[in-house]
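To keep things clear, I will list the structure first and then write my remarks on it.
Residue numbers (full-length UniProt numbering), protein chains in the order written: chain C, 1 to 347; chain A, 1 to 355.
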């Protein structure tokens, strides 16, 4: 087992027969070793080209190279079980340190909605254009939380898991997907509560009655579109926050602006009409605010659950828009994320 | 404490149970890992990184960007705001490893061992150079991230799936993993309730369950007890027997000697020695012993205290001996005096009778 040091052993065919090492004679260095300092750096006995040829000859595959998109997608689909287990486990772990445990998944949005109903609905009466402001605000808050949590969760899905990235090898897209999926699993009980509150609010005097209709069956479709859209957002956020962690500090403010601009707690479009700006710009601002993705999804959920409200007539255009936004964001997000694949985990 | 013990530095741990153990020789196959001129540089975001890391001998430089004057003015607080340092942890490493080899990586703290291991596992992207492998490398780190809030059972599932097993395969291996980790019913408790040794054992069991082609172990065996070490050694041999390759980073040179056939010695991000285990291990031990004067001040003070205490004890013993001798002398003298007095008395008496 003496290391091969003779220069004639450089060749590929000979390298196969060399024992443990392909580097130049370390034995001499060990013997002469002035023990105080380590031996000088080794000069490898093969050139870079020879090593690459050796790798090619034995069919070795290069690491740290971004796989082609098709292969990446196949690999990802094969990891569906991993995505699912990771999602349900994180969803479960999220509230595991509290006495009330999983109850917080439902309590948290209820408290959130209660605050907004009290301040914006009852005290400020900002949603006075709506006949049932409780239903309007509760739906807005519950559904917007899904978007907001997907953005902040997606942002942390890569940057907050450096240890995991540096320990295990898997398509990194697993992380943002499972983050949003775990939010979806906690959203489902919250949606049941949301529907219950919406129904009960109709029994209060001065609030309009809400009826369960066949339209309610479309609710899962609206949530599914939102889920696809949110996953796309999470992809984009994950990529950018991984390379520039500072973005994470700005996100809460951006998300608050988006909240007010999407009509989560009051119908923002009717406020645009009261602005004192030229008619033309009013149309532009109003159009942007009305047809931007978050507003579209809120519209869809409200139109499904609140049929008596004349503000939200059923609209095929909105459904088409919802589908288009979902696909566009998901595809762009996925490609953006994939293009950074080989760099995640560097910092 | 013998003189030899005092020479041992923190970098050279000898575990008694590893003494005399040796890795089995297995037949070497074709190359399965080729590392070509690997450079790994990682960014450290935050101001103080440079000074701290430079102390450890790592090569670090500020990222140099041409900054116009007005920007420099704006960046007056750069040291604390937006400072980015680069750590050049691995600086041009090349080697080839074959199927069935078991390779140890040694080097002092901060020499780039762990970073290199991550890079050749494909988990840390290199700045330049390339790594070619056959099969899937699996790295087992001390803090391989599993979820501490969840039970060991759940963690086995997550870890197994992350390694690419199917849920069914994980269920099949479940009992084997639990038995190997030796944690018994603890597997149903959250992992945060585990001792560090139990956690490390479970992680080792999970990541070696997938029987990877290339198994990389980073300081993970340090927390196990002797029985566990025996089992992990058997597992490593198993991986090698299946034509797999094992990498092992450890501070315990005896562990390396017991489990590896070849050793890479890294120093300041470069490979300084590569050869059969005994050759490199001996040279490395020599190097570490030569670093002895680098003994820390606390250690030196402790040594001085110890010497002083020994001195005091010796002095006391001497004094006691002296006193004892003194007392003996006095006693003898007293005896002599008494004898003399008796003699005088007899003489006096004799004179008395004579007169």
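Built from N, CA and C at the ideal position, the CB exists for glycine as well.
What you are looking at is a predicted structure, and each value in this text was computed from that prediction instead of being measured.
Tell me, please, which residues DSSP counts as bridged to residue i.
i: residue 101(C); result: In DSSP, residue 101(C) forms no bridge with anything.
i: residue 266(A); result: 271(A)
i: residue 43(A); result: 86(A)
i: residue 343(A); result: Its beta-bridge partners do not exist; DSSP assigns none.
i: residue 34(A); result: 96(A), 132(A)
i: residue 249(A); result: 105(A), 218(A)
i: residue 139(A); result: 216(A)
i: residue 61(C); result: 133(A)
i: residue 190(A); result: 151(A)
i: residue 91(A); result: 39(A)
Do we get a CB-CB distance below 9 angstroms when we pair residue i with the residues of chain C?
i: residue 209(A); result: no
i: residue 257(A); result: no
i: residue 193(A); result: no
i: residue 95(A); result: yes
i: residue 217(A); result: no
i: residue 157(A); result: yes
i: residue 287(A); result: yes
i: residue 270(A); result: yes
i: residue 39(A); result: no
i: residue 373(A); result: Because chain A is modelled from 1 through 355, residue 373(A) falls outside the range shown and cannot be assessed.
i: residue 172(A); result: no
Can you tell which of the options has the C-alpha that lies nearest to the C-alpha of residue i?
i: residue 113(C); options: 245(C), 226(C), 264(C); result: 264(C)
i: residue 102(A); options: 31(A), 151(A), 166(A); result: 31(A)
i: residue 270(A); options: 91(A), 29(A), 87(A); result: 91(A)
i: residue 251(C); options: 233(C), 323(C), 93(C); result: 233(C)
i: residue 36(C); options: 334(A), 326(A), 287(A); result: 287(A)
i: residue 306(C); options: 100(C), 171(C), 205(C), 137(C); result: 137(C)
i: residue 49(C); options: 333(A), 85(A), 39(A), 129(A); result: 129(A)
i: residue 125(C); options: 310(C), 77(C), 341(C), 266(C); result: 266(C)
i: residue 229(C); options: 117(C), 64(C), 148(C); result: 148(C)
i: residue 330(C); options: 231(C), 322(C), 343(C); result: 231(C)
i: residue 87(C); options: 162(C), 179(C), 115(C); result: 179(C)
i: residue 95(A); options: 255(C), 308(C), 41(C), 279(C); result: 41(C)
If you count every other CB in all the chains shown that lies within 10 Å of the CB of residue i, and 16 or more means buried, which is it?
i: residue 301(A); result: exposed
i: residue 316(C); result: exposed
i: residue 203(C); result: exposed
i: residue 253(C); result: exposed
i: residue 223(C); result: buried
i: residue 2(A); result: With a pLDDT of only 39 at residue 2(A), under the threshold of 50, the placement of this residue in the model should not be trusted; the figure read from the coordinates follows. Exposed, since its Cβ has fewer than 16 Cβ neighbours within 10 Å.
i: residue 314(C); result: exposed
i: residue 307(A); result: exposed
i: residue 185(A); result: exposed
i: residue 260(C); result: exposed
i: residue 74(C); result: exposed
i: residue 287(C); result: exposed
i: residue 257(C); result: exposed
i: residue 80(C); result: exposed
I'd like the span of the alpha helix (DSSP H) that includes residue i, first residue to last.
i: residue 270(A); result: No alpha helix (DSSP H) contains residue 270(A), which is instead part of the beta strand (DSSP E) from 270 to 276.
i: residue 235(C); result: 219 to 243
i: residue 256(A); result: 253 to 259
i: residue 247(C); result: 247 to 261
i: residue 84(C); result: 80 to 94
i: residue 43(C); result: Per DSSP, residue 43(C) belongs to no alpha helix (DSSP H) and is neither H nor E.
i: residue 115(A); result: 113 to 120
i: residue 144(C); result: 133 to 159
i: residue 158(A); result: 152 to 162
i: residue 266(C); result: Counting along the chain, residue 266(C) falls outside any alpha helix (DSSP H), and DSSP gives it neither H nor E.
i: residue 169(A); result: 167 to 181
i: residue 291(C); result: 279 to 291
i: residue 125(C); result: Counting along the chain, residue 125(C) falls outside any alpha helix (DSSP H), and DSSP gives it neither H nor E.
Note the first and the last residue of the continuous beta strand (DSSP E) segment covering residue i.
i: residue 216(A); result: 214 to 218
i: residue 186(C); result: First-last for residue 186(C): 174 to 201, but that is the alpha helix (DSSP H), not the beta strand (DSSP E).
Taking CB distances under 9 angstroms as the criterion, tell me whether residue i reaches chain A.
i: residue 273(C); result: no
i: residue 102(C); result: no
i: residue 314(C); result: no
i: residue 51(C); result: yes
i: residue 157(C); result: no
i: residue 64(C); result: yes
i: residue 23(C); result: Because the pLDDT at residue 23(C) is just 43, under 50, the model does not fix this residue reliably, and the value given afterwards should be weighed accordingly. Yes, contact with chain A.
i: residue 342(C); result: yes
i: residue 166(C); result: yes
Just checking residue i against the ligand ZN - is the residue's beta carbon closer than 8 angstroms to any of the ligand's heavy atoms?
i: residue 256(A); result: Absent from the structure shown: the ligand ZN. Ligands present: none.
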